[in-house]
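K.L.:
Taken in order, these protein sequences are the chains called A and B.
Following my numbering, the numbering of the first sequence begins with 16 at its first residue and continues without gaps.
Following my numbering, the numbering of the second sequence begins with 7 at its first residue and continues without gaps.
Just so you know, even glycine gets a beta-carbon here, dropped at the ideal spot from N, CA and C.
Once you've had a glance at the structure underneath, I'll fire off some questions.
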Amino acid sequence: MRLSREQVEHVALLARLELSEEEKERYMHELNQILEHFEALQRLDTENVPPTSHAIPMTNVLREDVVRPSLPREAVLQNAPDAAEGCFRVPRVVEEG
Amino acid sequence: MKLNELTAHELHDLLVNKAISCRELTEAVFTRVEAVEEQVKAYLTLTRDVAMQQAAAVDEKLARGEAIGALEGIPVAIKDVLCTQGIRTTCASKILYNFIPPYDATVVQKMRAAGMVFIGKANMDEFAMGSSTENSAFFPTRNPWDLTTVPGGSSGGSAAAVAADECIVALGSDTGGSIRQPASFCGIVGLKPTYGRVSRYGLIAFASSLDQIGPMTKDVTDCALLMNIIAGHDPLDSTSLPQPVPDYTNSLVPDVKGLRIGVPKEYFAQGVEPAVAEAVRAAIDKLCELGATAEETSTPYAEYGLPTYYIIAPSEASSNLARYDGVQYGYRAADESDVITMLRKTRAEGFGHEVKHRIMIGTYALSSGYYDAYYLKASKVRTLIKQDFDRAFEKYDVLITPTSPTVAFKLGERTDDPLAMKLADVCTIPVNMAGLPGISIPCGFDKGLPIGLQIIGKALDEETLLRVAYTYEQATEWHKQKPRL
Chain A
16 MRLSREQVEH
26 VALLARLELS
36 EEEKERYMHE
46 LNQILEHFEA
56 LQRLDTENVP
66 PTSHAIPMTN
76 VLREDVVRPS
86 LPREAVLQNA
96 PDAAEGCFRV
106 PRVVEEG
Chain B
7 MKLNELTAHE
17 LHDLLVNKAI
27 SCRELTEAVF
37 TRVEAVEEQV
47 KAYLTLTRDV
57 AMQQAAAVDE
67 KLARGEAIGA
77 LEGIPVAIKD
87 VLCTQGIRTT
97 CASKILYNFI
107 PPYDATVVQK
117 MRAAGMVFIG
127 KANMDEFAMG
137 SSTENSAFFP
147 TRNPWDLTTV
157 PGGSSGGSAA
167 AVAADECIVA
177 LGSDTGGSIR
187 QPASFCGIVG
197 LKPTYGRVSR
207 YGLIAFASSL
217 DQIGPMTKDV
227 TDCALLMNII
237 AGHDPLDSTS
247 LPQPVPDYTN
257 SLVPDVKGLR
267 IGVPKEYFAQ
277 GVEPAVAEAV
287 RAAIDKLCEL
297 GATAEETSTP
307 YAEYGLPTYY
317 IIAPSEASSN
327 LARYDGVQYG
337 YRAADESDVI
347 TMLRKTRAEG
357 FGHEVKHRIM
367 IGTYALSSGY
377 YDAYYLKASK
387 VRTLIKQDFD
397 RAFEKYDVLI
407 TPTSPTVAFK
417 LGERTDDPLA
427 MKLADVCTIP
437 VNMAGLPGIS
447 IPCGFDKGLP
457 IGLQIIGKAL
467 DEETLLRVAY
477 TYEQATEWHK
487 QKPRL
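This is the structure we're talking about:
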């Protein structure tokens, strides 16, 4: 499977990355190299093999829904690039009108 | 010997006997840092003020005649992937260049409670993605044994700080070998515990099903002591295991009589330097002299570890790193013309090449239409790799392999070839895939550079790993060698 330049641009949009022309070329080359390397796995028959997402068996963890203190608002906002009136400030996302 | 050259257990005795103060010890460490840091560059942030306060508290306690814990007053380097309240935590990334966590990682909180002394935050590959610490957004760390070679990675700063006596013990994190491989390159002890043995709360996530925090130390005894502090269940990490934590110092017994060692031949195959294979085989012979038995075995799916990792780790990373959006913390690009532009530029300018590379792979592997072919396929092969180990551990107590196929390589030698770079982790990756514990200990030298031996154990059987490692260490002198800086 070869990844095209258009596919690289699409993946970059999904990943919310802006790539320069140079980077598009480089990632196209590198991704194809990795995918080629991954081809080795295709020769393994995994038809009846269950997938592993966690190596150690796990169960859901539940706890009582009790009110606990959380971090103070100032502590949470102290690292924000832009904050106002106790909120994170971002560019406009809602259209006017 | 200078104080900073000693181990934690040696220093504990000196502190308790009032032969030294914690302040003197801490000063000795910072004197060393000042002398060699310009060459080694192990630290991203030094925390002298915090350290001196912590040291003063220990000295006051000693002056009052109170008992102190085993690692109380011991200087520690903390990999900069772990959140430290009030202390800048960057993950060696521009995108977190100014991040000051409002809380401590659980392991950090435990070390504070144990009275340990924080020397600083150790350098690493950006977001722990790399095998040489050359992917740090700030500067590469150098191997104290040879300043033209890499310290390994991603916990290269922690490993170099321990090897150069710029701290007494350190914490690292390991997703595909990031504790064990730099421990091997720098000639120290590094343990990746069983997945879930140590809480990951406050560990900045790379690949959540593989990441685990562990000790990096000058000897096996210090490794056991630090495990005693950091291991255990944590309600803040739902993947941490509820099983009780043993006292790991009970495993510090020189006894391998009747121990069954499996030697998987695939780990000695292509790419393993003859000097490395020879040193590891000599170490196995040594353990047999001491009463163990060893037998060659096969784990046929081990060779698929690397390509499997290449899909699974970036997939998890692409999801974990979605949080870096320039809104809640860290870097934000100047162009705020609209939200998507702000996001894309922030991430383009904030992440380094390797991080973007992995986000791209992961995003592609998880994207609609490709999920089955890549992520699902890799997850199934992961099962096969795990079953290899299950079968082996029906017959053997531990498996022994090289930690890495080579000794430390030159800076710049592999930076343009991501596949060659990743080969440094070919022996360690399968262990993360199966969630098992693995330890690297020094077992020789080649061209003046340390060689590491990896011991792999059953899930939650860190005790046997430590006992085997301790037995070998007590019978050899490798761990006493120091680099000349």
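Where do the ends of the beta strand (DSSP E) carrying Tyr49 (chain B) lie?
P.N.:
Tyr49 to Leu52
K.L.:
Does DSSP put Met439 (chain B) in a helix, a strand or coil?
P.N.:
helix
K.L.:
Measure the C-alpha to C-alpha separation of Leu258 (chain B) and Thr223 (chain B) and round it to an integer number of angstroms.
P.N.:
Spanning the two alpha carbons is a distance of roughly 15 Å.
K.L.:
Beta carbon of Ile317 (chain B), beta carbon of Tyr381 (chain B): below 9 Å?
P.N.:
yes
K.L.:
Under 8 Å, with one C-beta from each stretch per pair, do the stretch 402-419 of chain B and the stretch 333-346 of chain B reach the 3-pair mark?
P.N.:
no
K.L.:
Using C-beta distances below 8 Å, list every residue in its chain close to Leu390 (chain B), excluding the 5 sequence neighbours before and after it, in chain order.
P.N.:
Same-chain partners within the cutoff: Tyr307 and Tyr310.
K.L.:
If I measure Cβ to Cβ from Phe415 (chain B) and keep anything under 8 Å in the same chain, skipping five residues before and after, which residues do I get?
P.N.:
Ser138, Thr155, Val156 and Ala430
K.L.:
Quick one: what's Lys127 (chain B) bridged to in DSSP?
P.N.:
B:Thr51 and B:Ile84
K.L.:
Is Pro84 (chain A) close to chain B, meaning its C-beta is less than 9 Å from at least one C-beta of that chain?
P.N.:
no
K.L.:
Can you list the residues of chain B that Ala99 (chain A) reaches, using a CB-CB cut of under 9 Å?
P.N.:
Here the premise fails: no neighbours, minimum Cβ distance about 13 Å.
K.L.:
By how many angstroms is the C-alpha of Asn10 (chain B) removed from the C-alpha of Ala289 (chain B)?
P.N.:
29 Å
K.L.:
Consult DSSP for Asn495 (chain B) and reduce its assignment to one of helix, strand or coil.
P.N.:
Residue 495 (chain B) lies beyond the stretch modelled for chain B, which goes from 7 to 491, so this question has no answer here.
K.L.:
Taking buried to mean at least 16 other C-beta atoms within 10 Å of its own C-beta, is Arg353 (chain B) buried or exposed?
P.N.:
buried
K.L.:
Taking the beta strand (DSSP E) that Glu111 (chain A) falls in, what are its first and last residues?
P.N.:
It is not in any beta strand (DSSP E) - Glu111 (chain A) carries neither H nor E in the DSSP assignment.
K.L.:
For Ser190 (chain B), which three-state DSSP category applies?
P.N.:
Three-state DSSP puts Ser190 (chain B) in a helix.
K.L.:
Compare the beta carbon distance of Val175 (chain B) and Ile80 (chain B) with 9 Å and say whether it is the shorter of the two.
P.N.:
yes
K.L.:
Restricting to Cα atoms, I'd like to know which of B:Gly182, B:Arg420, B:Glu295 and B:Ala165 is closest to Ile194 (chain B).
P.N.:
B:Ala165
K.L.:
Considering Gln48 (chain A), what are the terminal residues of the alpha helix (DSSP H) in which it resides?
P.N.:
Glu36 to Phe53
K.L.:
Quick one: which residues of the stretch 412-442 of chain B get their C-beta closer than 7 Å to a C-beta of chain A? List them in chain order.
P.N.:
Pro424, Leu425, Met439, Ala440 and Gly441
K.L.:
Nearest chain A C-beta to Glu40 (chain B) closer than 9 Å, yes or no?
P.N.:
No, Glu40 (chain B) lies away from the interface with chain A (no Cβ there is under 9 Å from its Cβ).
K.L.:
Which whole-angstrom value describes the C-beta separation of Ile267 (chain B) and Val404 (chain B), a residue pair presumed to lie in contact below a C-beta threshold of 8 Å?
P.N.:
6 Å
K.L.:
List, from N- to C-terminal side, the beta strand (DSSP E) runs of 3 residues or more that fit wholly inside the stretch 177-255 of chain B.
P.N.:
195-198 and 218-223
K.L.:
Is it the case that the Cβ atoms of Arg287 (chain B) and Ser446 (chain B) are separated by a distance below 9 Å?
P.N.:
Not closer than 9 Å, so no.
K.L.:
Does DSSP put Leu405 (chain B) in a helix, in a strand, or in coil?
P.N.:
strand
K.L.:
Can you tell me which of the three DSSP states Phe274 (chain B) falls into?
P.N.:
helix
K.L.:
So what's Asp417 (chain B) in DSSP terms, helix, strand or just coil?
P.N.:
Checking the sequence shown, residue 417 (chain B) turns out to be Leu, not Asp. Coil, per DSSP.
K.L.:
Under 7 Å Cβ-Cβ, which residues of chain D neighbour Arg88 (chain A)?
P.N.:
Note that chain D does not occur in the displayed structure, where the protein chains are A and B.
K.L.:
Straight-line CA distance for Val91 (chain A) to Trp151 (chain B)?
P.N.:
When rounded, the separation of the alpha-carbon atoms in Val91 (chain A) and Trp151 (chain B) is 42 Å.
K.L.:
Closer than 7 Å by beta-carbon distance: list the chain B residues that pair up with Val108 (chain A), in chain order.
P.N.:
Val345
K.L.:
Between Glu38 (chain A) and chain B, is the shortest Cβ-Cβ distance under 9 Å, so that the two count as touching?
P.N.:
yes
K.L.:
Strictly below 8 Å CB to CB, what residues from chain B border Ser19 (chain A)?
P.N.:
The premise fails here: Ser19 (chain A) is roughly 12 Å from chain B at the closest Cβ pair, so nothing lies under 8 Å.
K.L.:
So, using beta-carbon positions, are Asp97 (chain A) and Arg104 (chain A) closer together than 9 Å?
P.N.:
yes
K.L.:
Report all residues from its chain with a CB closer than 6 Å to the CB of Leu197 (chain B); omit the five preceding and five following residues, and keep chain order.
P.N.:
For Leu197 (chain B), where only same-chain residues beyond five positions count, the Cβ hits under 6 Å are Gly220, Pro221, Cys229 and Ile445.
K.L.:
So is Glu45 (chain A) in contact with chain B if we call contact Cβ pairs under 9 Å?
P.N.:
yes
K.L.:
Can you tell me the Cα-Cα spacing of Gln487 (chain B) and Leu459 (chain B), whole angstroms?
P.N.:
16 Å
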